[in-house]
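Novice: Once you've had a glance at the structure underneath, I'll fire off some questions.
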Amino acid sequence: MLLITGVVAAAILIVAVLPVIWGMVGTFSSASATTDRSMRTDFKIVTTYSDYSATPAPAGATLQVWMKNTGTARFALSEISSADVFFGKSDSFGRANYTSVPPLRSAAHLKWWYIFNPPPGGTDLNQNGIWDPGETLEIDSFSQSVGKVGDPVYFQFTLPNSVTRSLEFTAA
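Taking my numbering, I'd label the letters of the sequence shown as residues 251 to 422.
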């Protein structure tokens with residue numbers, strides 16, 4: 251009788267506890283992979299360029315930012331287009347919407363796009379369509395909120411895994 255009770259108790263314990271343990275293993279494994287990717291992600295803002303112009307209308311600043319992938323993680327172009335870009339005058343910046351085609355100067359919405367083409371002229375060194383370590387990505391945008399030459403400009407780029415770089419500079 252004691253032996254049967256022990257076997258039944260062990261079976262109940264296995265049926266109740268093992269699924270919870272396997273579920274926790276999956277959760278820890280997923281969290282570990284996400285943390286590993288974030289730790290391997292690093293990029294630096296190499297340089298910036300802004301060009302304020304009142305003509306053609308509408309007046310505003312075109313921004314170009316070059317960033318180098320200095321980490322070990324690689325990013326597909328779909329991940330780059332899912333990034334968040336914030337840009338504008340330091341006290342009135344906004345979130346820009348991604349567009350795959352560079353728009354004409356437009357008052358409608360703050361937009362950003364990237365340039366990542368094969369050489370010559372591009373920065374996809376091995377022409378695989380992935381932002382690999384050592385490659386440079388160019389982000390372009392247009393904002394009307396930059397009122398004049400000399401205004402402080404804020405730029406922030408956030409990858410889908412929440413790694414962020416930001417910079418404040420002066421509009422030229």
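Note that CB positions come from ideal geometry on N, CA and C, so glycine has one too.
Owing to the predicted nature of the structure, the values given are computational and were not obtained by experimental measurement.
Would you give the residue range spanned by the beta strand (DSSP E) that Ser416 belongs to?
Specialist: In the sequence shown, counting from the first residue as 1, residue 416 sits at position 166. Start and end: 414-420.
Novice: Do you know how far the Cα of Ala261 is from the Cα of Ser331?
Specialist: Locating residue 331 in the sequence shown gives position 81, counting from the first residue. Locating residue 261 in the sequence shown gives position 11, counting from the first residue. So the two alpha carbons sit approximately 51 Å from each other.
Novice: Where Tyr364 and Thr305 are concerned, what is the direct C-alpha to C-alpha distance, given to the nearest angstrom?
Specialist: As a first step, residue 364 must be located in the sequence shown, where it is residue number 114. As a first step, residue 305 must be located in the sequence shown, where it is residue number 55. Going by the C-alpha atoms only, they are around 23 Å apart.
Novice: Taking C-alpha atoms, which residue in Gly384, Glu385, Pro368 lies nearest to Gln377?
Specialist: The residue given as residue 377 occupies position 127 in the sequence shown. When only C-alpha atoms are compared, the closest one is Pro368.
Novice: Cα-Cα, which of Gly400, Asp401, Asp390 is closest to Trp316?
Specialist: Taking the sequence shown and counting its residues from 1, one reaches residue 316 at position 66. The shortest C-alpha separation from Trp316 is found at Asp390.
Novice: Would you be able to state if there are at least three C-beta pairs under 8 Å between the region 409-422 and the region 321-340?
Specialist: With a cut-off of 8 Å, the region 409-422 and the region 321-340 count as touching, because enough Cβ pairs lie within range.
Novice: Skipping 5 residues on each side, what residues in its chain have a beta carbon closer than 6 Å to that of Arg290?
Specialist: By 1-based counting over the sequence shown, the position of residue 290 is 40. Within the same chain, Arg290 has close Cβ partners Gly321, Thr322, Ala323.
Novice: Between the alpha carbons of Asp334 and Val265, how many angstroms are there, rounded?
Specialist: If you number the sequence shown from 1, residue 334 lands on position 84. If you number the sequence shown from 1, residue 265 lands on position 15. In a straight line, the C-alpha of Asp334 is about 45 Å away from that of Val265.
Novice: Who are Trp363's beta bridge partners in DSSP?
Specialist: Counting from 1 along the sequence shown, the entry for residue 363 is found at position 113. In the DSSP output, where bridge partners are listed per residue, Trp363 has Asp390.
Novice: According to DSSP, simplified to helix, strand and coil, what is Pro269?
Specialist: As a working note, residue 269 is residue 19 in the sequence shown. If DSSP states are grouped into helix, strand and coil, Pro269 belongs with the helices.
Novice: Quick check: the Cα distance between Phe392 and Ser340, rounded to an integer number of angstroms?
Specialist: Locating residue 392 in the sequence shown gives position 142, where the first residue counts as 1. Locating residue 340 in the sequence shown gives position 90, where the first residue counts as 1. The straight-line gap from Cα to Cα measures roughly 15 Å.
Novice: Give me the Cα-Cα distance between Lys361 and Ala346, rounded to the nearest whole angstrom.
Specialist: In the sequence shown, the residue the question calls residue 361 occupies position 111. In the sequence shown, the residue the question calls residue 346 occupies position 96. Those two C-alpha atoms are separated by around 5 Å.
Novice: Cutting at 7 Å between CB atoms, please list the residues of its own chain near Phe343, excluding the five before and the five after it.
Specialist: Translated into the one-based positions of the sequence shown, residue 343 becomes position 93. If we look at Phe343 and ignore the five residues flanking it on each side, its Cβ neighbours are Phe336, Phe337, Ser395, Tyr404.
Novice: Should Trp381 go down as buried or exposed, given a rule of 16 or more other Cβ atoms within 10 Å for buried?
Specialist: Residue mapping note: residue 381 aligns to position 131 of the sequence shown, counting from 1. Buried: at least 16 other Cβ atoms inside 10 Å.
Novice: Taking the beta strand (DSSP E) that Ser303 belongs to, which residues open and close that run?
Specialist: As a working note, residue 303 is residue 53 in the sequence shown. Where Ser303 is concerned, the enclosing beta strand (DSSP E) stretches over 293-303.
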